[in-house]
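**Student:**
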Amino acid sequence: MTFKVLGICGSLRKASLNMAALRACRELLPEAMALEIADIGELPMYNQDVFDQGLPAPVKRFREQVAAADALLIASPEYNFSIPAPLKNAIDWGSRAPNQVFHEKPIAIFSVAPGPVGGARVQYDLRRVLGQLWGHVLPRPEVFIGMAAGKFDAQGRLSDETTRKFLTELLAGFKTWIARMQPR
Ligand SMILES: Cc1cc2nc3c(=O)[nH]c(=O)nc-3n(C[C@H](O)[C@H](O)[C@H](O)COP(=O)(O)O)c2cc1C
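Be aware that the sequence shown starts at 0, since it is given in numbering that gives the first Met the number 0, and climbs by one per residue.
1) Please report the Cβ distance between residue 170 and residue 29, rounded to the nearest whole angstrom; I am assuming they are in contact, meaning their Cβ atoms lie under 8 Å.
2) Hey, how far is the Cα of residue 14 from the Cα of residue 0?
3) What's the gap between the Cα of residue 85 and the Cα of residue 110?
4) Based on DSSP bridge pairs, tell me the residues matched to residue 151.
5) I'd like the span of the beta strand (DSSP E) that includes residue 63, first residue to last.
6) Is it the case that the Cβ atoms of residue 210 and residue 17 are separated by a distance below 9 Å?
7) Who does residue 136 pair with in a DSSP beta bridge?
8) According to DSSP, simplified to helix, strand and coil, what is residue 15?
9) Would you mind reading off the limits of the beta strand (DSSP E) that contains residue 197?
10) Mind the definition here: the region 97-105 touches the region 64-75 only if three or more C-beta pairs lie below 8 Å; say whether that holds.
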């Protein structure tokens, strides 16, 4: 069985380093894991009136993608010490009943930032938010990719071998975590 993982990036920038690292994960996945990446840039801002009138197509697609995935891999910068608006917006759209899509979903998180802290603070906010939705966030290893500018080459490829090793370890641990979460 291949675990289908949906990647979600907290940055909408074309040259996003978080997106570049998420793409690099495709090369680092263990066997029997596949990674597709969602486009949360299409989602309108959450509005309960819109929700009540019927889900817009991008919201419907996003919720279906999350629901169909065996697991989620989230890569995000921190904005003002917390979750970037596009990512929080995507979580809010997915979180509404019926069938809130994060329930019992295995989730792994990593962050990329130009500073030395590597976006650590966004990870703790994501754990808090996703935990109350009954998403099961992998406790360890934690991966904070700090001082990121020097870790990608001119083509935006993750070139730092130590960082690639950290992500490889995260993904290996994630596979075990997903397997543990399967219904018996
Ligand atoms: C509104 C805003 C707030 C930011 N706040 C933080 C912050 O609190 N901590 C941090 O490490 N970087 C912060 N940054 C810098 C981002 O980490 C940086 O832009 C990062 O490269 C974005 O990720 P990306 O390359 O995937 O787009 C902020 C950037 C923006 C646009």
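Glycine is no exception: its CB is placed at the ideal position from the N, C-alpha and C atoms.
**Tutor:** To lay it out plainly:
1) Numbered from 1 along the sequence shown, position 171 holds the residue referred to as residue 170. Numbered from 1 along the sequence shown, position 30 holds the residue referred to as residue 29. Yes, they are in contact, since the Cβ atoms of residue 170 and residue 29 sit about 6 Å apart, within 8 Å.
2) Your numbering for residue 14 matches position 15 in the sequence shown. Your numbering for residue 0 matches position 1 in the sequence shown. Near 34 Å, if we compare the C-alpha coordinates of residue 0 and residue 14.
3) In the sequence shown, counting from the first residue as 1, residue 85 sits at position 86. In the sequence shown, counting from the first residue as 1, residue 110 sits at position 111. Going by the C-alpha atoms only, they are around 15 Å apart.
4) Translated into the one-based positions of the sequence shown, residue 151 becomes position 152. Residue 151 pairs with 157.
5) In the sequence shown, residue 63 corresponds to position 64, counting from 1. No beta strand (DSSP E) holds residue 63; the alpha helix (DSSP H) holding it covers 56-67.
6) What the structure shows of the chain is the stretch from 0 to 183, and residue 210 is not part of that stretch, so it cannot be assessed.
7) Counted from its first residue, the sequence shown places residue 136 at position 137. Bridge partners of residue 136: 106.
8) As a position in the sequence shown, residue 15 is number 16, starting the count at 1. Looking at residue 15 - three-state DSSP - the assignment turns out to be coil, as it is neither helix nor strand.
9) No answer is possible for residue 197: it lies beyond the span of the chain, which begins at 0 and ends at 183.
10) yes
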